[in-house]
Structures are given as structure tokens and as C-alpha cells.
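Enquirer: The structure that follows is given in the form of C-alpha cells.
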Amino acid sequence: MERLHDACGIVGIFARVSGESIDVRRYLTLALTSLQHRGQESAGMAVYLSDGRIASRVGMGKVREVFPDTGTGLPDTHCGIGHVRYSTTGSSCVENAGPFVVGTDPNHYEAIAVAHNGNLVNGPALRAQLPQELLISTTDSEAIALLLLHAGGPSLRERMISIFPQLRGAYSLVILAEGKLFAMRDPWGMRPLCLGRIGENWIIASESCALDRLGASFVREVEPGELITIDEQGVHSEILIRMPRQALCVFEYIYFSDATSRLNDRYVYPVREALGRELAREHPIEADLVVPVPDSSIPAALGYAEASGITYGHAIIKNRYSDRTFIKPDQRLRQLEVDLKFNLVRPKIEGARLVIVDDSIVRGNTMKRLVAALRHYGAKEIHLRSSSPPLRHPCHFGIDIPQEVELVAAGRSVQEVADYIGVDSLGY
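Going letter by letter, the sequence shown gives residues 21 to 448 in my numbering.
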């Protein structure tokens, strides 16, 4: 309920001159819109020009706000990348919005644009090594772009290989340079990245839902430690390093990714249903109604209801207009209506024993207010079930998990968390 946030969603498109003609700018806009759940603070696109320059536009807000013209205000192109951002490093400002374009001064023949999903644990150290007068943002994404610009090697491919050992942490990258599209994923595969095809044209995206939106076919996932180069001749792949195991972030399955996406050859929606079924097996309870906290918890709640045999129903309705900033209720109304994020269905709640299913419990404050509101509406019992394990530690790989002191499960037993939130039982 108290939403965790992933760093970004990224996309790159290469349209072959000999292939079916597509408007790369419009396709980028559509793909970014389908990845909007991965970042809503800013959006941007960069397109390659025939003279080696790169044109870009970035802005604060959602994709449709930044690109009401669906990108057609940018020059037509055969190759471009896009980025939607939620800040996990650096503040929320236009200077930190991607993609980052470097090499636009007369001393560099070719410009480079970088879009990045993830977080480098050595980002500050890398930034400290760079000429400070070149830095305009506070992100490690810009550091990657500048490292590429100043690395040795006649081609971008060679420069990417040369900086690869310096990048420590989570990263999925799409890079625009030399009239080509490049993609690279960290050796552990912490953040998703996939390859798709639209006729003879190619797309790289954070999630397969972006491919579906464009009518593209899913080819495969970009492998951990893989470098991909896409040019007029097609897709060229090389594995820079293989690790003994993968470490895809489990929250991609639990919450971040779109329910229709596929990760590691498994679709997200049935995984979330399976988590709900496992919750029912591990934490059974007698109740009248299984209720999801909308929307990402719906598959898990359906799985819980299926495995437990308890009726499934919607007693908590998401308010479509909850983000309207002009609505400022008094404190009492704020607590009863849970910051106006949800509306409650009294006939479903009054006198009922409820199983509330949520994907995660972060600080616990919003859930505590929701539980108080459910009690106010006459719930007889409230049993909380979370489809993720207890969150007890921060993440440094591109998730906006608060400091440990803010996490409700840090330093508390399960019963202590249940007592704090005010539920009759709690199961992870």
C-alpha cells in the first residue's frame, strides 16, 4: 500500500532503413506510456540525427504531459531511446531527468545518449573521478554517460567493454550513439531488460508489456552480463561475464513489473497468484471475505481466496482522483478515508471477518490508517496477509526503500507489527 518505487523504465528502438517504415518517435511514446508504472516523475526521449548529433527532450511529469505531441516535435529518426524516472538517487528535478546526452560540444564528433534503470553502489565514487564542471545532475546515470564519452577506444562498443568493470551495482542500459542502439545488463540481472521485434525493426525495453503495446513479438530477455549492438545488419550479442547465478529483484514479481509482463520466462500475474495461494497455505484463517488492496494485490488476493475457499470481494475501492492536489481534507477525514486513496464499501465490511491482502508492508502508517477506517466501518475481524517477506533493510540497487529506522518490520516481531497496525493477525 505504501508504495515502493523502482528507479526507471527504459526503451530503445532501431528501425532498419530496409525494413517496414515506422515512426520511432510515436513508438517510443507508446512504449514509455506502457512503462509509466516504473516512473512518473519525469519522462524523456533522445533521437539520433544523420549528422551524428542527438536531439532530446525531457520534462517533469508523465509521458503524455511531456509529449502531448507523441514525440513528433522531435526530428524524424531511425533510432531513439526513452526514459521514465522515479528518483532513487538524486533529487526530483529536470536536471536529473533522462536520457542523458553528452558529447554535444565541437570537440566530440559523435554524441552519446544514455538511459539507465538501476543504481550503482559506487556512483558517488565514479562521479568524483569525473571533471566536476561537466556534471549537471546528481545521478549516476550521467556518470555512466560521461565515462563512456571519455573512455579509451575508437568505437562505443569498445568503450562500453572498457568501463564495464567499473560499474558496480544494478543497471540495465540503453545507449544511442554512432547511429546504433546498444543495450547492456549488469552481471547479476537485477533489473529486467528484454528484446523484441516489429517486423524487421528492433526494440529493447524494461518489460515485455511495452512490446505488447507496440504489437511487437517477444524475442528473448537480455542476458545478465550481455552487451547487445543493433545496427542495419541486425542484432550482435556478446557475453562480457557470466555469474554463477542470477539475482533478479524479487519485487519485480511482487510489485514493480506490470502484471502482464514476463520475467525469466514466467508471466508476472500467475506468479502473484501463486504467492497468494502460498500465503493461504502458510497462514490459514477462518474469515468471510478476502479483500485485495488495489490494484497490484488483486492477483495475490485471488490466489489466497482460491486456496482457502474463502469468498473473494472488493471492499476497498481505489479512488481514481486521489492524486488531485487541491483536495486537502481535515485530519479526521484524512484518517477515515486513508488520504482519499481508497473508498470503502460498508455493506461488505460491516460485521465481516476480513482477510486483507497487500503486496508489501513498508512503513505501516497507511495500513494502520486503513485498518482504523475498516474498524470504523464495522469490521468484526481484520487479518492482514502480505505477499512479500518482512522488509527490514534498505535497498541500494535501485528501489526507494526507506532507511531501516522507518521500516515497520525492522526490530519488531510479527506480533509487534500486527499490534502496531491494529490487526487481529498478520502473515507474511
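Glycine included, each C-beta is placed from N, C-alpha and C at the ideal position.
With distance defined between alpha-carbon atoms, name the residue in 259, 240, 249 nearest to residue 286.
Expert: Cα-wise, what sits closest to residue 286 is 240.
Enquirer: Let me check one thing: in DSSP terms, what residues is residue 103 bridge-paired to?
Expert: 30, 64
Enquirer: Considering only the beta carbon of each residue, do residue 407 and residue 320 sit closer than 9 angstroms?
Expert: yes
Enquirer: In terms of residue numbering, what span does the alpha helix (DSSP H) encompassing residue 300 cover?
Expert: 288–302
Enquirer: In chain order, what residues of the same chain have a beta carbon less than 6 angstroms from the beta carbon of residue 122, not counting five sequence neighbours either side?
Expert: When the five nearest sequence neighbours on each side are left out, the beta carbons in the same chain lying within less than 6 angstroms of the beta carbon of residue 122 are those of 132, 165, 166, 169, in order along the chain.
Enquirer: Is the CB-CB distance between residue 216 and residue 228 below 9 angstroms?
Expert: yes
Enquirer: Using a threshold of 9 angstroms, state whether the C-beta atoms of residue 303 and residue 447 are closer than that.
Expert: yes
Enquirer: Whose C-beta lies closer than 6 angstroms to the C-beta of residue 54 among residues of the same chain, with five residues either side of it excluded?
Expert: 229, 230, 233
Enquirer: Within the chosen definition, does the stretch 61–75 reach the stretch 36–49 through at least 3 CB pairs nearer than 8 angstroms?
Expert: yes
Enquirer: Could you check if residue 188 belongs to the surroundings of the ligand ATP, using beta carbon to heavy atom distance under 8 angstroms?
Expert: For the structure depicted, the ligand ATP is absent and the ligand set is empty, with no information on it obtainable.
Enquirer: Any chance the stretch 324–332 sits against the stretch 296–315, with 3 or more Cβ pairs inside 8 angstroms?
Expert: yes
Enquirer: Please go through the stretch 123–190 and give each complete beta strand (DSSP E) segment of 3 or more residues, from N-terminal end onward.
Expert: 132–140
Enquirer: Quick one: what's residue 247 bridged to in DSSP?
Expert: 204, 258
Enquirer: Our contact map puts residue 317 next to residue 377 with C-beta atoms below 8 angstroms; I'd like the distance itself, whole angstroms only.
Expert: 5 angstroms
Enquirer: Which two residues bound the contiguous alpha helix (DSSP H) that contains residue 395?
Expert: From DSSP, the alpha helix (DSSP H) with residue 395 extends over 385–396.
Enquirer: For residue 60 and residue 106, which I take to be in contact (beta-carbon distance under 8 angstroms), what is that distance rounded to the nearest angstrom?
Expert: 7 angstroms
Enquirer: Under the rule that 16 or more other beta-carbon atoms within 10 Å means buried, what is residue 41, buried or exposed?
Expert: exposed
Enquirer: Nearest to residue 313 by alpha carbon, out of 299, 323, 338, 78?
Expert: 338
Enquirer: Going by other Cβ atoms of all chains shown within 10 Å of its Cβ, with 16 needed for buried, is residue 340 buried or exposed?
Expert: exposed
Enquirer: Let me confirm a value: residue 375 is counted as buried when at least 16 other C-beta atoms fall within 10 Å, else exposed. Which label applies?
Expert: buried
Enquirer: Which of helix, strand or coil does DSSP assign to residue 121?
Expert: Strand at residue 121.
Enquirer: Nearest CA to the CA of residue 210: which residue from 243, 361, 112, 124?
Expert: Cα-wise, what sits closest to residue 210 is 243.
Enquirer: Would you say the stretch 255–274 touches the stretch 83–102, given that touching needs at least three Cβ pairs under 8 angstroms?
Expert: no
Enquirer: Can you tell me where the beta strand (DSSP E) with residue 378 in it begins and where it stops?
Expert: 373–378
Enquirer: Using only CA atoms, which one of 35, 404, 385 lies nearest to residue 434?
Expert: 404
Enquirer: With H, G and I counted as helix, E and B as strand and the rest as coil, what does DSSP make of residue 334?
Expert: coil
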